[in-house]
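Beneath this line is the structure, given in structure tokens, with notes to follow.
Residue numbers (this note's numbering): 3 to 532.
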């Protein structure tokens, strides 16, 4: 696939499309939509050109997709773990083999650099391998301590919830559409996925590979459409909802799911901090801070918008950081070699401009960047560094979700911890410090779901065996690790009682039974029995 535009008179005699229409039609064949469905066209932030015309799913189409998934789920739940494992491991290899097309699609739809797009390839492959090889151990029946030692034999089982509805965002169109689906499938569920319209082709291409890997037909259904219609229909019909997006929308999703008493998990907004201590290696910290702040043009839930620098090194760190930001290579090509790409839309561009203008009008200083660069791409905005941001400025507390970072000097660890925690969000944070035990002590006091020491965000995110998610207004539940697959199950306790009932028996009165049991409870405590 290239960025060459290809005309398709069958769809629109006046338009040219970034993706060959024959290819987009093949991918769109998996979308659950009526034969006379309306279509939508998304534009590439790389050039502004239309990417493809795709069908819109109605609320009725979503209901049909859920019904079809439900019919397929029972058969899929009976598939042995060994076969599920083989499918995910084949998918792992297919993602790596077909990474050029996937990289192109991720870039075309999101505007990010190829290096940042590759993060999604690696993440998807890693999640596939992790859950292929750990799902059975996470889900196997587990013996636990019963009411009476030996006499009560208790096991915990995990059953699939049924149909998992996933509503994924545009900023990571491969990772966030697919990696939440993989553990759901490994747990024996069917999935109905509504990727964001701006990430539709990437998600469809990955799903095509999942089916090529051997996933049975019907187990993973795809619908396309707006959040207010297709997304809401998923929330209204699925047995479990996994949502990634804004905190404001997350609150509405939670309210809708709660009305139906349906469980959910969410990763929501963030206002993440990097703390640079007084004992860092400056070269490493500068490079890491640039990565933390401007990966995916700042359109990453776990990227940084607050840079806290110990005042004893600030006079040396800040100029070097600013110099590194000014040297960043901006580009919108389907090739490696650029440090930052484009924002995704005019709306994102406007938000960055509005936050910057507000801060400058209220006294903040621009140390780097601050300009729209339409000659590079229609929505490209320079990586921008501010100093002097105060509490009355919008960018102090609101999530910008763009390449705008505020530097604040702090006198010590206590001040850094207080500032990092002074936000309604609690998603990710980063500490740069040679003294790792000291950094661990700081990390334990940060109210964020993940903390990276001497890394921007990838160390925690890519630790597939560890839970990933947010505290406070940054989310509910966790992806990755055991939590990432157990969330898609219903736990069931099965306790078998042997020899003696848990009641008065063998002629004992209730009073005598209570006395005997009290003696037994004291004995179990003395013996250290849990």
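We put the beta carbon where it would ideally sit given N, CA and C, even for glycine.
Cβ of residue i within 8 Å of Cβ of residue j?
{"i": "residue 242", "j": "residue 490", "result": "yes"}
{"i": "residue 408", "j": "residue 277", "result": "no"}
{"i": "residue 267", "j": "residue 478", "result": "yes"}
{"i": "residue 79", "j": "residue 141", "result": "no"}
{"i": "residue 151", "j": "residue 455", "result": "no"}
{"i": "residue 52", "j": "residue 43", "result": "yes"}
{"i": "residue 376", "j": "residue 330", "result": "no"}
{"i": "residue 167", "j": "residue 194", "result": "yes"}
{"i": "residue 522", "j": "residue 476", "result": "no"}
{"i": "residue 465", "j": "residue 448", "result": "no"}
{"i": "residue 71", "j": "residue 192", "result": "yes"}
{"i": "residue 165", "j": "residue 240", "result": "yes"}
{"i": "residue 348", "j": "residue 383", "result": "no"}
{"i": "residue 285", "j": "residue 436", "result": "no"}
{"i": "residue 155", "j": "residue 500", "result": "yes"}
{"i": "residue 235", "j": "residue 65", "result": "yes"}
{"i": "residue 129", "j": "residue 217", "result": "no"}
{"i": "residue 211", "j": "residue 362", "result": "no"}
{"i": "residue 125", "j": "residue 81", "result": "no"}
{"i": "residue 457", "j": "residue 290", "result": "yes"}
{"i": "residue 446", "j": "residue 433", "result": "no"}
{"i": "residue 61", "j": "residue 325", "result": "no"}
{"i": "residue 147", "j": "residue 123", "result": "no"}
{"i": "residue 160", "j": "residue 493", "result": "yes"}
{"i": "residue 346", "j": "residue 47", "result": "yes"}
Ordered along the chain, which non-local residues of its own chain (more than five positions away) have a Cβ less than 7 Å from that of residue i?
{"i": "residue 425", "result": "273 and 399"}
{"i": "residue 11", "result": "Any reading at residue 11 must be qualified, since the residue scores a pLDDT of 34, below 50, and its modelled position is unreliable; the value itself is stated next. Excluding positions up to five away in sequence, the list is empty."}
{"i": "residue 6", "result": "Low confidence applies to residue 6: its pLDDT is 36, below 50, so where it sits in the model is not reliable enough to give any reading."}
{"i": "residue 342", "result": "115, 296, 299, 330, 332, 385 and 405"}
Can you pull the DSSP bridge partners for residue i?
{"i": "residue 499", "result": "154"}
{"i": "residue 549", "result": "Here the chain covers residues 3 to 532 and nothing more, so residue 549 does not appear."}
{"i": "residue 247", "result": "DSSP output for residue 247 lists no bridge partner at all."}
{"i": "residue 432", "result": "276 and 454"}
{"i": "residue 45", "result": "52"}
{"i": "residue 427", "result": "474"}
{"i": "residue 311", "result": "278 and 411"}
{"i": "residue 504", "result": "Looking at the DSSP assignment, residue 504 forms no beta bridge with any residue, so it has no partner."}
{"i": "residue 234", "result": "Per DSSP, none; premise fails for residue 234."}
{"i": "residue 223", "result": "194"}
{"i": "residue 160", "result": "493"}
{"i": "residue 167", "result": "194 and 243"}
{"i": "residue 146", "result": "156"}
{"i": "residue 306", "result": "274"}
{"i": "residue 33", "result": "224"}
{"i": "residue 105", "result": "Bridge partners of residue 105: none, in fact."}
{"i": "residue 481", "result": "470"}
Once you ignore the five residues that flank residue i on each side, which residues in its own chain have a CB closer than 6 Å to its CB?
{"i": "residue 134", "result": "87, 90 and 91"}
{"i": "residue 204", "result": "107, 108, 111, 175 and 176"}
{"i": "residue 380", "result": "50"}
{"i": "residue 173", "result": "301"}
{"i": "residue 67", "result": "34, 194, 223 and 225"}
{"i": "residue 366", "result": "388, 390 and 391"}
{"i": "residue 295", "result": "306 and 407"}
{"i": "residue 255", "result": "237 and 245"}
{"i": "residue 279", "result": "312 and 435"}
{"i": "residue 258", "result": "237"}
Quick test of your reading: residue i and residue j, contact by CB under 8 Å. State the CB separation rounded to the nearest angstrom.
{"i": "residue 310", "j": "residue 387", "result": "Between residue 387 and residue 310 the Cβ distance is about 14 Å, and since that is not below 8 Å, they are no contact."}
{"i": "residue 473", "j": "residue 451", "result": "5 Å"}
{"i": "residue 206", "j": "residue 74", "result": "About 18 Å separates the two Cβ atoms, so there is no contact after all."}
{"i": "residue 344", "j": "residue 353", "result": "That pair is no contact at about 14 Å."}
{"i": "residue 94", "j": "residue 131", "result": "5 Å"}
{"i": "residue 372", "j": "residue 327", "result": "At roughly 11 Å, the Cβ-Cβ gap does not stay under 8 Å, so residue 372 and residue 327 are not in contact."}
{"i": "residue 221", "j": "residue 187", "result": "7 Å"}
{"i": "residue 502", "j": "residue 153", "result": "6 Å"}
{"i": "residue 21", "j": "residue 55", "result": "Wrong, their Cβ atoms sit about 10 Å apart, outside the cutoff."}
{"i": "residue 322", "j": "residue 275", "result": "About 19 Å separates the two Cβ atoms, so there is no contact after all."}
{"i": "residue 201", "j": "residue 215", "result": "Not confirmed; about 21 Å, so no contact."}
{"i": "residue 495", "j": "residue 158", "result": "6 Å"}
{"i": "residue 461", "j": "residue 116", "result": "Actually they are not in contact, since the Cβ atoms of residue 461 and residue 116 sit about 22 Å apart, beyond 8 Å."}
Using a Cβ-Cβ cutoff of less than 8 Å, which residues in the same chain neighbour residue i once the five nearest sequence positions on both sides are dropped?
{"i": "residue 535", "result": "Outside the modelled stretch of the chain, which goes from 3 to 532, sits residue 535, for which no answer is possible."}
{"i": "residue 480", "result": "267, 451, 469, 470, 471, 486 and 489"}
{"i": "residue 364", "result": "392, 394 and 395"}
{"i": "residue 350", "result": "301, 381, 403 and 404"}
{"i": "residue 414", "result": "312"}
{"i": "residue 137", "result": "83, 86, 87, 185, 188, 189 and 487"}
{"i": "residue 287", "result": "278, 319 and 434"}
Does any residue of chain B bring its CB to less than 8 Å from the CB of residue i?
{"i": "residue 309", "result": "The chain inventory of the structure shown lacks chain B, comprising one protein chain alone."}
Could you say if the region 220-227 and the region 240-258 meet the contact criterion of at least three C-beta pairs nearer than 8 Å? In short, these stretches do not touch, since the Cβ pair count stays below three.
Contact between the region 296-311 and the region 112-126 (3+ Cβ pairs under 8 Å): In short, these stretches touch, since the Cβ pair count reaches three.
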